[in-house]
Amino acid sequence: MKRNLEELITLAHHKNQTAMNEIISIFSAQLQSYKYKLNGEDTSQDLKLLIIEIVNKIDLEKFYGKTDKVFMAYISKSLLHEKFKLYKRNKEKKENEEYFSERYEVPYNKNDYSNILLKYSLDYLSNEEMSVIYYIYFIGYTVKMVSIKSHLSIYRIYAIRKRALKKIKEQTYTHLKKER
């Protein structure tokens with residue numbers, strides 16, 4: 606016998622695990638769809654936990670039309686909003702990982718001494734300084750593009766670039782003086 610959603614929610618409020626599992630199984634197609642679209646590590650678990658939280662927070666007294674359609678719409682809409690939040694969080698996380706990665710490939714010819722010296726000088730930069738120098742001088746981004754990509758102000762990018770170039774200059778001259 607198939608129980609309606611109001612009955613399942615009432616049972617879930619009384620800590621009935623079977624009822625909660627049945628509610629989650631009702632939304633399994635939507636969960637699978639969002640899991641596929643978001644492609645996150647813990648997306649499925651996050652969305653299942655959200656369903657549990659929603660069901661536990663539902664106050665049945667406040668719902669006027671207590672039909673399955675109303676409860677389905679309410680939970681589906683909540684899942685949709687959570688999908689957007691997770692998508693945004695995953696996107697920001699991916700951008701930050703890309704921005705603050707520790708290794709940048711600096712193109713250089715092993716026979717070219719000046720490029721090796723430059724690579725040596727770049728090792729003394731922080732991740733933030735390295736990424737700004739890398740994007741501006743090796744990739745060819747403008748300061749504005751780097752600003753947008755790194756979520757920093759243009760003036761902050763100019764300051765980082767100036768500080769990084771100063772460090773490179775100091776390291777290069779220090780190394781050259783040691784060789785003489």
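Each residue of the sequence shown is one higher than the one before, starting from 606 at the first, in our numbering.
Built from N, CA and C at the ideal position, the CB exists for glycine as well.
Considering only the beta carbon of each residue, do L652 and E627 sit closer than 8 Å? no
Might you give, ordered along the chain, the residues of its own chain that have their beta carbon closer than 6 Å to the beta carbon of E611, omitting 5 neighbours on each side? K671
With distance defined between alpha-carbon atoms, name the residue in Y778, E697 and I629 nearest to E658. I629
Same chain only: Cβ atoms within 7 Å of K789, ignoring 5 sequence neighbours per side: Here the chain covers residues 606 to 785 and nothing more, so residue 789 does not appear.
Apart from the five residues just before and just after I773, which ones in its own chain have a Cβ nearer than 6 Å to its Cβ? S726
Where R608 sits in the DSSP three-state scheme: coil
In whole angstroms, give me the CA-to-CA distance for Y848 and M625. There is simply no residue 848 to check, as the chain begins at 606 and stops at 785 in what is shown.
CA-CA distance, S731 and S649? 36 Å
Measuring only the C-alpha atoms, how far is S684 from D728? Here residue 684 is Leu; the residue named in the question, Ser, does not match the sequence. Computed Cα separation, rounded: 46 Å.
Would you mind working out which of A678, Y746 and E734 sits nearest I656, comparing C-alpha positions? A678
DSSP-derived helix/strand/coil call for N716: Caution is warranted here: a pLDDT of 48 is assigned to N716, below 50, making its placement in the model unreliable, and no coordinate value can be reported.
Under the assumption that I762 contacts V737 (Cβ atoms under 8 Å), give the Cβ distance between them as a whole number of angstroms. 6 Å
A634 versus N644 - alpha carbon distance: 15 Å
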